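A.B. asks:
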Amino acid sequence: MYKEVPWRLIRSLSNKKERDRTGLTVAEGPSVVLAALERNVKVLAVILSEDFAETQKGRRIREAFARYPEESQLFVVSKEMYRKMSDTKSPQGAMCLLPFPFQFLGGQPPPVWECPLYVIGIDIQDPANVASLIRSGAAAGADSVILTGLSADPFGPKVIRSSAGSIFATEVLFHNDPIGLLEHLRCSGVLLVKALPKGGVTPWECNFTGDSAVLLGNEARGLRPEILDLPGEDVTIPMPGGIESLNVAMAASVLLYEAVRQRTSLNK
0 MYKEVPWRLI RSLSNKKERD RTGLTVAEGP SVVLAALERN VKVLAVILSE DFAETQKGRR
60 IREAFARYPE ESQLFVVSKE MYRKMSDTKS PQGAMCLLPF PFQFLGGQPP PVWECPLYVI
120 GIDIQDPANV ASLIRSGAAA GADSVILTGL SADPFGPKVI RSSAGSIFAT EVLFHNDPIG
180 LLEHLRCSGV LLVKALPKGG VTPWECNFTG DSAVLLGNEA RGLRPEILDL PGEDVTIPMP
240 GGIESLNVAM AASVLLYEAV RQRTSLNK
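Per numbering that gives the first Met the number 0, residue 0 is the first one in the sequence shown, and the count goes up by one each step.
#1: Report the residue from Ile46, Asp19 and Arg20 whose alpha carbon sits nearest the alpha carbon of Val31.
#2: Can you list, in chain order, the residues of its chain whose CB lies under 8 Å from that of Phe103, leaving out five sequence neighbours each side?
#3: By how many angstroms is the C-alpha of Ser85 removed from the C-alpha of Leu184?
#4: Under 8 Å between C-beta atoms, does Ser13 make it to chain B?
#5: Have a look at Pro177, Asp176, Phe173 and Leu215 and flag the residue whose alpha-carbon is nearest the alpha-carbon of Val192.
#6: Check for me: the alpha helix (DSSP H) holding Val32 runs from which residue to which?
#7: For Ala127, report the span of its alpha helix (DSSP H) as first-last.
#8: Alpha carbon to alpha carbon, how far is Asn217 from Tyr117? Give it in angstroms, no decimals.
#9: Which of helix, strand or coil does DSSP assign to Met94?
#10: Please report the straight-line C-alpha distance between Ile121 and Glu49, rounded to a whole angstrom.
#11: Assuming Val111 and Ala130 are in contact, meaning their beta carbons sit under 8 Å apart, how far apart are those beta carbons, in whole angstroms?
#12: Could you name the residues of the same chain whose beta carbon sits closer than 6 Å to that of Thr169, not counting the 5 residues immediately before and after it, in chain order?
#13: Quick one: Cα of Gln124 to Cα of Pro202, how far?
#14: For Lys157, is the beta carbon positioned less than 7 Å from some heavy atom of the ligand ATP?
#15: Which complete alpha helix (DSSP H) runs does the segment 144-223 hold, if anything under 4 residues is left out?
#16: Going straight from the alpha carbon of Arg7 to that of Val213, what length do you get?
#17: Of the choices Leu190, Gly179, Ala151 and Val189, whose alpha-carbon is the least far from that of Val171?
#18: In three-state terms, what does DSSP make of Tyr81?
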């Protein structure tokens, strides 16, 4: 437990090396903090600015925090102190300090689907795209969203903030070795569904009803050649309007909702 608000630690976590060294990160913004608390994500500390703490949303955060064990701490600080810790230009008065990968009090939430559905982002370098990928995966009930290769850190404050709380609705992981990860999934019976700009089958021709992993590649270059060579299903989203490609997060949403459609139809 902290004797006083750990502002130096929180400031340092804007640096990825410090996040990796400590295993801690910061989630900032009232909606994000509230989402973490309402989903019973383990937090070490919640920090509110004095003015925000008395607002309606500030009271909701304090009420949600009241259910947490004693080892979690709540600090209410001055606006000046809060601004010193904040990673944003316009601080909103609420943040929390938490370990990653995220842990849930009472254990991981139960899966949505009988057969696992994974989202794999490989070399996704824009934090906004990583956040959108996580949001799409969470909305589709994916078991895990896994970033790998040269992807932006999914546990960075910007990604967490941009995910609008959805990062706490699914398991989010980072894996250093994309080929090792994909070979492990493939050997476990998971179909690797590779998103390509051309040359693949349409999404509705791909069978997403079994164990499936949707693979999305780099924003400019797509999937690595060695990943394209792996056994699986190549899938291309038809674009009769003549557009060359979709944003990576938009492509993920299209493929994931075809998976949702197929799986929902199967259960009727």
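We put the CB at the ideal spot given by N, CA and C, even for glycine. The structure presented is a predicted model; accordingly, all values stated were derived computationally and were not measured.
C.D. replies: The short version:
#1: On the sequence shown, position 32 is the one that residue 31 refers to. Residue Ile46 is the option with its Cα nearest to Val31.
#2: The sequence position of residue 103 within the sequence shown is 104, counting from 1. Hits under 8 Å: Arg38, Asn39, Val40 and Lys41.
#3: Walking along the sequence shown from the start, residue 184 turns up at place 185. Walking along the sequence shown from the start, residue 85 turns up at place 86. Straight-line Cα distance between these residues: approximately 39 Å.
#4: Going by chain labels, chain B is absent from the structure shown, which holds only one protein chain.
#5: In the sequence shown, residue 192 corresponds to position 193, counting from 1. Per the Cα distances, Leu215.
#6: Walking along the sequence shown from the start, residue 32 turns up at place 33. Here the alpha helix (DSSP H) through Val32 covers Pro29 to Glu37.
#7: In the sequence shown, residue 127 corresponds to position 128, counting from 1. Ala127 -> alpha helix (DSSP H) spans Pro126 to Ala138.
#8: In the sequence shown, residue 117 corresponds to position 118, counting from 1. In the sequence shown, residue 217 corresponds to position 218, counting from 1. Using only the alpha carbons, I get a separation of about 17 Å.
#9: Against the sequence shown, residue 94 aligns to sequence position 95. Met94: strand per DSSP, three-state reduction.
#10: For the purposes of this step, residue 121 is taken as the residue at position 122 of the sequence shown. For the purposes of this step, residue 49 is taken as the residue at position 50 of the sequence shown. Rounded to whole angstroms, Ile121 to Glu49 spans 41 Å at the Cα level.
#11: Sequence index remark: in the sequence shown, residue 111 carries index 112 (1-based). Sequence index remark: in the sequence shown, residue 130 carries index 131 (1-based). Wrong, their Cβ atoms sit about 20 Å apart, outside the cutoff.
#12: Taking the first residue of the sequence shown as 1, we reach residue 169 at position 170. Hits under 6 Å: Gly136, Ala137, Ala141 and Val144.
#13: Here residue 124 refers to the residue found at position 125 when the sequence shown is read from its first residue. Here residue 202 refers to the residue found at position 203 when the sequence shown is read from its first residue. In a straight line, the C-alpha of Gln124 is about 25 Å away from that of Pro202.
#14: By its list of ligands, the structure shown contains no ligand whatsoever, and the ligand ATP lies outside what it can speak to.
#15: 156-161 and 177-186
#16: Here residue 7 corresponds to residue number 8 of the sequence shown, with the count starting at 1. Here residue 213 corresponds to residue number 214 of the sequence shown, with the count starting at 1. Roughly 39 Å separates the two Cα atoms.
#17: Within the sequence shown, the letter at position 172 stands for residue 171. That would be Ala151, whose Cα lies nearest to the Cα of Val171.
#18: Against the sequence shown, residue 81 aligns to sequence position 82. Here Tyr81 sits in helix by DSSP.
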